[in-house]
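As numbered in this note's numbering, the sequence shown has no gaps in its residue numbers, which increase by one up to the final residue, 683.
Even glycine gets a Cβ: it sits at the ideal position worked out from N, Cα and C.
Beneath this line is the structure, given in structure tokens, with notes to follow.
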Amino acid sequence: MAKRPQGLIYAVDERPPWPTLLLLGGQYAGLLAAYLVLIVIVFKAGGASHGDAVNAICLGMIAVAIATVLQALRKGPIGSGFLAAPVFSAIYLGPSVLAAKTVGLPAVFGMTILAGLLEIIIAGSLHRLRIFFPPAISGFIVAIIGIQLGLVAIDHVLDIDQRNLPDYSNHVIVAGLTLALTVALSIWASGLARLMCSILGLGIGFALAIAFNLIPPEHWQILLDADLIALPNPGFISYDFDASLLPAFLISGIAAALRTVGVITTCQKINDDDWRRPDLKSIKGGMFADGLGCMLAGALGTMGTNAAPSLVGVSKATGATSRLIGFTAAAILILFSVMPVVGSFFLILPNAVIGAILMFTASFMISGGIQIMMSRNIDNRMTYVIGFSMLLGLGRDVFQNYFKSLPGFLHPFTSSMMPIAVISALALHLTFRLGSRRKANVGFEKVEHSVEEFSDILQKKARAWDIDSATVSRAESTATQVLEHVRRANLATGPVAVEISFDDFNFVISISYQGMLLSLPHVGVKHGVFLEEEAFSYGLADFLIGAYPDKMESFARGQDIRIQLQFNV
Numbered sequence: 115m116a117k118r119p120q121g122l123i124y125a126v127d128e129r130p131p132w133p134t135l136l137l138l139g140g141q142y143a144g145l146l147a148a149y150l151v152l153i154v155i156v157f158k159a160g161g162a163s164h165g166d167a168v169n170a171i172c173l174g175m176i177a178v179a180i181a182t183v184l185q186a187l188r189k190g191p192i193g194s195g196f197l198a199a200p201v202f203s204a205i206y207l208g209p210s211v212l213a214a215k216t217v218g219l220p221a222v223f224g225m226t227i228l229a230g231l232l233e234i235i236i237a238g239s240l241h242r243l244r245i246f247f248p249p250a251i252s253g254f255i256v257a258i259i260g261i262q263l264g265l266v267a268i269d270h271v272l273d274i275d276q277r278n279l280p281d282y283s284n285h286v287i288v289a290g291l292t293l294a295l296t297v298a299l300s301i302w303a304s305g306l307a308r309l310m311c312s313i314l315g316l317g318i319g320f321a322l323a324i325a326f327n328l329i330p331p332e333h334w335q336i337l338l339d340a341d342l343i344a345l346p347n348p349g350f351i352s353y354d355f356d357a358s359l360l361p362a363f364l365i366s367g368i369a370a371a372l373r374t375v376g377v378i379t380t381c382q383k384i385n386d387d388d389w390r391r392p393d394l395k396s397i398k399g400g401m402f403a404d405g406l407g408c409m410l411a412g413a414l415g416t417m418g419t420n421a422a423p424s425l426v427g428v429s430k431a432t433g434a435t436s437r438l439i440g441f442t443a444a445a446i447l448i449l450f451s452v453m454p455v456v457g458s459f460f461l462i463l464p465n466a467v468i469g470a471i472l473m474f475t476a477s478f479m480i481s482g483g484i485q486i487m488m489s490r491n492i493d494n495r496m497t498y499v500i501g502f503s504m505l506l507g508l509g510r511d512v513f514q515n516y517f518k519s520l521p522g523f524l525h526p527f528t529s530s531m532m533p534i535a536v537i538s539a540l541a542l543h544l545t546f547r548l549g550s551r552r553k554a555n556v557g558f559e560k561v562e563h564s565v566e567e568f569s570d571i572l573q574k575k576a577r578a579w580d581i582d583s584a585t586v587s588r589a590e591s592t593a594t595q596v597l598e599h600v601r602r603a604n605l606a607t608g609p610v611a612v613e614i615s616f617d618d619f620n621f622v623i624s625i626s627y628q629g630m631l632l633s634l635p636h637v638g639v640k641h642g643v644f645l646e647e648e649a650f651s652y653g654l655a656d657f658l659i660g661a662y663p664d665k666m667e668s669f670a671r672g673q674d675i676r677i678q679l680q681f682n683v
């Protein structure tokens, strides 16, 4: 049973009073709607008409509403059971803009469906993919997406093509003030004002745009001509799939899966004061829901969605994590979806405001990625992985003509900064893993070593290999317990050998001796093997592990016994 945290007013399975529920749901719906501005950017890049953009925004509200409900489901394989609403995500903005400009909007929709499908596949193989995404690689992916988003943001802020227009100075002033005020709220404000700084910045920027006359009369006319009530028209939707876009969208799908792990883990923590380790069933259900939501967004003619950390922060600050808030927000969004006038508001936002908010978001993604990378010490191998890959990615935007002149079969991997940087990082990471395993051997005889001395040896080796103290403590406790049991039960008829090895992911202790097979039913052995509970790492310190090995295997061949304890690092 989860222990109710102090300060939690409405827990995940509780229903607030109806007036409060409506207010909280309305607040959530407003926060979700703020991200609809990303659809506007993609549709402008694709040269869509105003009518199609408004219909896409309305259909986007429906997609987010359904995805929010899916995420809040508790029973079955779909849903985390938490208030972890998805939004249209900056993770998908770069690939979507690229697809819209080079191939067309149908490619955005089709490739978004594939990206969501990838997240579902990752959810089903969560424990097997950890080796590919250590903290440094996960953080690098987040950082490179942030850099790409930042370049899109600066393009909107500077709007170089419009610099000869008479009101260009006003454009720069509004962008600068919007960014400055949003940053000021995030630093000096407190409570909800700080958590909602981006949506407040959006409102402030819109007011500044009006004051500096950045919204032309024809844009106001779009808002005035919009119907108050009308069903969205899906006539603009069609699908296309382009191999050249596949790497960029698949990498975005991987990043979305990583972020979902972190968001659902955070939801588990804020709803349980006794939280010790992640509930993988809830995380997998959340990833299934997130992937389905992304596929639905593509099917309804919009861009990709992903769980929003900022909204989880708002629910923590308000003390209201009830799943019913998500259902209420979904109902309000469905209502907004048949009001084109709401969608038209996002359509008339000037580039200055959009760019400032995107710069704000990009800075958090870049710094967050760096924090994830630095959560583990960077050795020489990973230094080369990050350094070379970052240079190749940045070089793609600096030397565009060179990369465009490469043979056609390479274009899918060099179409933008993100695929070339991430693919390089993964390839170098797997290459440099060769020969990375470190080993040490300890022999136990009557006079050579004691169990107490083994603890000292283990600690020294762990410090030399730079293994975190929590893992070392867990490994020491379990291994000494096994060795003590072997000694006290006289299971070994001769010397006991211990091999310690580490390959940057798994800390393995192998205990070998001749005698009888170890049996520890009180520790949780089932048929000689511990059940795996491997934690997929997003570089989060919160993604902790428990008191026993992540995996234990016992082997017996005659009187030759080997016990292997594996600890995920």
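Residues near residue i by beta carbon distance below 8 Å, same chain, minus five either side
| i | result |
| --- | --- |
| A162 | A170, L219, F350 |
| N385 | A116, P119, L122, A125, V126, F196, T435 |
| F320 | L463, V467 |
| A323 | V288, I329, L463, P464, A466, V467 |
| L212 | L359, A362, S529, S530 |
| A655 | For A655, the predicted structure reports a pLDDT of 29, less than 50, and the residue's modelled location is therefore unreliable. A value from the coordinates is still provided. Same-chain partners within the cutoff: S489. |
| N327 | D281, N284 |
| I313 | G144, L145, A148 |
| L364 | L228, A229, L232 |
| W334 | I462 |
| I176 | P346, L414, L447, I448, S451 |
Nearest-angstrom Cβ-Cβ length linking residue i and residue j, presumed shorter than 8 Å
| i | j | result |
| --- | --- | --- |
| S529 | L263 | Actually they do not touch by this definition, with Cβ atoms about 16 Å apart. |
| L614 | L572 | Checking the sequence, you will find Ile at residue 614 rather than Leu. With a Cβ gap of about 7 Å, I614 and L572 count as contacting. |
| E233 | A371 | 5 Å |
| I227 | A413 | 6 Å |
| F681 | V612 | That pair is no contact at about 14 Å. |
| F619 | I581 | The Cβ separation is near 11 Å, so there is no contact. |
| F66 | V154 | Nothing in the structure corresponds to residue 66, since the chain is present only between 115 and 683. |
| G405 | L231 | 7 Å |
| S366 | G418 | 7 Å |
| G260 | I486 | Incorrect: roughly 11 Å between the Cβ atoms, too far for contact. |
Among the options, the one whose alpha carbon lies nearest that of residue i
| i | options | result |
| --- | --- | --- |
| L150 | R676, N278, F450, F546 | F450 |
| R508 | M532, V499, R495 | Checking the sequence shown, residue 508 turns out to be Leu, not Arg. Of the listed residues, the one whose Cα sits closest to L508 is M532. |
| G305 | T416, I153, V428, I625 | V428 |
| T607 | L597, G629, A444 | G629 |
| F546 | V183, L463, M496 | M496 |
| H543 | G160, P249, E590, G224 | P249 |
| G140 | P454, V455, I446 | I446 |
| A422 | P663, T216, R676, I205 | I205 |
| N604 | L631, V455, A578 | L631 |
| Q130 | L438, G193, D339 | Residue identity differs from the one stated: residue 130 is Pro in this sequence, not Gln. Nearest option by C-alpha distance: L438. |
| P348 | D387, F254, L173, F202 | L173 |
| F355 | I176, Y627, G165, P526 | P526 |
| L316 | L293, H333, I368 | L293 |
| D674 | V622, F621, V610 | V610 |
| G224 | A167, S352, Q485, G260 | S352 |
| P392 | L524, F478, T374 | T374 |
| G407 | Y627, G165, F202, Q595 | F202 |
| A340 | K215, A167, G190, K383 | A167 |
Own chain partners of residue i with C-beta closer than 7 Å, once the 5 adjacent residues on each side are dropped
| i | result |
| --- | --- |
| H270 | N465, I468, G469, L472 |
| I258 | G507, M531, M532, A535, V536 |
| A267 | G469, L472, M473, A476 |
| Y282 | Q276 |
| A199 | Y142, L146, T182, Q185, A422, L425, G440, A443 |
Proximal residues to residue i (C-beta, below 6 Å), its chain only, five neighbours per side dropped
| i | result |
| --- | --- |
| L137 | none |
| S210 | V156, V222, M417 |
Cβ neighbour criterion (16 or more within 10 Å) applied to residue i
| i | result |
| --- | --- |
| T380 | buried |
| Y142 | buried |
| V561 | Because V561 sits at a pLDDT of 38, beneath the cut-off of 50, its placement in the model cannot be relied upon, and the following sentence gives the value as read from the coordinates. It counts as exposed. |
| N420 | buried |
| F669 | exposed |
| H641 | Residue placement at H641 is flagged as unreliable, the pLDDT there being 34, under the threshold of 50; a coordinate-derived value is accordingly withheld. |
| V512 | exposed |
| P663 | buried |
| C311 | buried |
| A541 | exposed |
| L299 | buried |
| Y516 | exposed |
Checklist line | alpha helix (DSSP H) runs wholly inside the region 209 to 290, at least 4 long, in chain order | finding: 219 to 238, 249 to 272
Notebook entry, point to check: Counting only runs that start and end within the region 568 to 640, where is the alpha helix (DSSP H) found for 4 or more residues in a row?
Noted result: 583 to 602
Item checked: Whole alpha helix (DSSP H) elements within the region 160 to 202, 4-residue minimum -> 164 to 186
Check: What are the start and end residues of each continuous beta strand (DSSP E) run of 3 or more residues lying completely inside the region 480 to 568, in chain order?
Finding: 552 to 558
Next item on the list: Would you mind listing the beta strand (DSSP E) stretches within the region 349 to 421 that are 3+ residues and don't spill past its ends, in chain order?
Entry: 419 to 421
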